[in-house]
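In my numbering, the protein residues as written are 597 to 1045.
(1) How would you write the range of the alpha helix (DSSP H) that residue 795 sits in, first residue to last?
(2) Quick check on residue 809: buried or exposed, where buried means 16 or more other Cβ atoms within 10 Å of its Cβ?
(3) Note down, in chain order, each residue of its chain lying with its Cβ closer than 8 Å to the Cβ of residue 754, except the 5 sequence neighbours on either side.
(4) What three-state label does DSSP hand residue 967 in the structure shown?
(5) With three or more C-beta pairs closer than 8 Å as the rule, is the region 824-837 touching the region 662-675?
(6) Suppose you measure from the CA of residue 604 to the CA of residue 611; what does that come to, to the nearest Å?
(7) Tell me which residues share the same chain as residue 799 and place their Cβ nearer than 7 Å to its Cβ, disregarding the 5 neighbours each side in the sequence.
(8) Taking the alpha-carbon of residue 965 as reference, which of 621, 1012, 1042, 929 has the nearest alpha-carbon?
(9) By how many angstroms is the C-alpha of residue 724 removed from the C-alpha of residue 645?
(10) Taking a contact to mean a Cβ-Cβ separation below 7 Å, would you say residue 871 touches residue 855 in this structure?
(11) Using only CA atoms, which one of 898, 718, 840 lies nearest to residue 784?
(12) Since residue 921 and residue 845 should fall inside the 8 Å C-beta cutoff, what is the C-beta to C-beta distance between them, to a whole number of angstroms?
(13) Report yes or no: do three or more beta-carbon pairs, one from the region 903-910 and one from the region 613-630, lie closer than 8 Å?
(14) Roughly how many angstroms lie between the CA atoms of residue 1039 and residue 789, to the nearest whole one?
(15) Tell whether a beta-carbon distance below 7 Å holds between residue 1026 and residue 990.
(16) Could you give the distance in angstroms between the alpha-carbon of residue 632 and the alpha-carbon of residue 797?
(17) Quick check on residue 597: does DSSP put it in helix, strand or coil?
(18) Go through its chain and collect everything with a Cβ distance to residue 641's Cβ below 7 Å, but skip five positions before and after it.
(19) If you run the structure through DSSP and keep just helix, strand and coil, what is residue 1018?
(20) I need the straight-line Cα distance from residue 985 to residue 692, nearest angstrom please.
(21) Would you check if the distance between the CB atom of residue 781 and the CB atom of residue 863 is smaller than 7 Å?
(22) Measuring CA to CA, which of 712, 643, 653 is closest to residue 883?
(23) Considering only the alpha carbon of each residue, which of 634, 674, 843 lies closest to residue 803?
(24) Return helix, strand or coil for residue 681, following the three-state DSSP convention.
(25) Classify residue 749 as buried or exposed, calling it buried when 16 or more other Cβ atoms lie within 10 Å of its own Cβ.
(26) Beta-carbon separation of residue 894 and residue 786 under 7 Å?
(27) Rank 954, 953, 919 by C-alpha distance to the C-alpha of residue 939 and give the top, closest one.
(28) Pull up the distance between the alpha-carbon of residue 677 and that of residue 997, whole angstroms please.
(29) Got a sec? Which residues, its chain only, sit under 6 Å from residue 860 by beta carbon, not counting five neighbours each side?
(30) Does the Cβ of residue 961 have 16 or more other Cβ atoms within 10 Å, making it buried, or fewer, making it exposed?
(31) Among the residues of its own chain, which have a CB less than 6 Å from the CB of residue 953, if the five just before and after it don't count?
(32) Tell me whether residue 705 is buried or exposed, calling it buried when 16 or more other Cβ atoms sit within 10 Å of its Cβ.
(33) The alpha helix (DSSP H) with residue 937 in it runs from where to where?
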């Protein structure tokens, strides 16, 4: 029996903004520019766009079909659409994926709060030891846990507001502010001396650097960025109106995410090259290189405040989308209130998040399978669980859901006229191409390539 008065988005715009908020995360702000620069520049962008179009978007459609058709949480969706089968265990894996993702993600989210506070205090000067500043923060048990807990509490407060007053409203404000601020930084970065080198780094194609690993990196970035495989799309889709245009929502979300990733590159790389620094770092790019860049710029203090607010907003919007599938699962399957489900989710996450936060300090030498808690949770969720759940979603829609039911959901019960050839082509990608390619990714990850 479903929970009474199930939440829903107020409008199709709310669905789109929530999905965009989920897609636009920390990976766009430092991982995407780095991958572009080290995998052939514009050549990587071309491959990435092809992966988004022919693999990520079809799987996202699958998850949207599962969620909206079932009108249930990620576990309940598979249980409802395939009763008395083992498919419900895919939902369990998706919830577990969210938990492992959230456990290390909120730690990084805490770092964004820490650096936003530092930028407000204007502690960054050209004489600062930025590597030591970052190391001191993440190795300090008290400071790291404090910011992690604070980020989790903010995240929980948004979730407590429900779908409309919490998730939908927050994402509208955050995405609007984020778009304005990132455009401001792009314009400013483009005016810096030597900014052209950063643009060349980002957009000049170098096909000599393209390898099989380049394709895998592009696919992995697409899954992680679009929140595919963790139940987010299924959960958000279950709150969507039956009249929403599914293909339009998928396209707008994917396009917005890609545009933001490119804007992030245009905001960060010109500034990094202008300062004569290398962009070939992950977390170090955001928390070590950029503070140095800001410290030597005119109006750098103001720019750093804007940037770390953007980083926090991106982290929060994504963490909300990772938390909601867990809360929806607890709320609907255990028949409890949103308050209790949220509180239980936050408390359980906090236990694992503390272990991840301490992975850089007192637990740095404690390892499982050769990895710290932070690295282990990052690896199994990003490299294995996401891909497995994405593959199962494609197989489920391609082989378990009837073809007429699939067409009915895609067209919103005939409301939208979609060419039959497009539907047939999409079905082929879902049934055959997506599962095979994702299986290759999983095998590659397990082999450690």
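Each residue gets a CB set at the ideal place from its N, CA and C atoms; glycine is no exception.
Result, derived from the coordinates:
(1) Counting along the chain, the alpha helix (DSSP H) containing residue 795 begins and ends at 791-799.
(2) Answer is exposed; the Cβ neighbour count stays below 16.
(3) In its chain, beyond the 5 residues on either side, 762, 763, 766, 912, 916 have a beta carbon closer than 8 Å to the beta carbon of residue 754.
(4) The DSSP-derived three-state label of residue 967 is strand.
(5) Because the criterion of three Cβ pairs below 8 Å is met, the region 662-675 and the region 824-837 touch.
(6) Straight-line Cα distance between these residues: approximately 9 Å.
(7) 637, 638
(8) 1042
(9) Distance between the alpha carbons of residue 645 and residue 724: 39 Å.
(10) no
(11) 898
(12) Incorrect: roughly 18 Å between the Cβ atoms, too far for contact.
(13) yes
(14) 45 Å
(15) yes
(16) 8 Å
(17) Confidence in residue 597 is poor, its pLDDT being 41 and thus under 50, which makes the residue's placement too unreliable to answer from.
(18) If we look at residue 641 and ignore the five residues flanking it on each side, its Cβ neighbours are 632.
(19) helix
(20) Using only the alpha carbons, I get a separation of about 11 Å.
(21) yes
(22) 712
(23) 634
(24) coil
(25) Classification for residue 749: exposed.
(26) no
(27) 919
(28) 8 Å
(29) 624, 625
(30) exposed
(31) 703, 740, 741, 744
(32) buried
(33) 934-953
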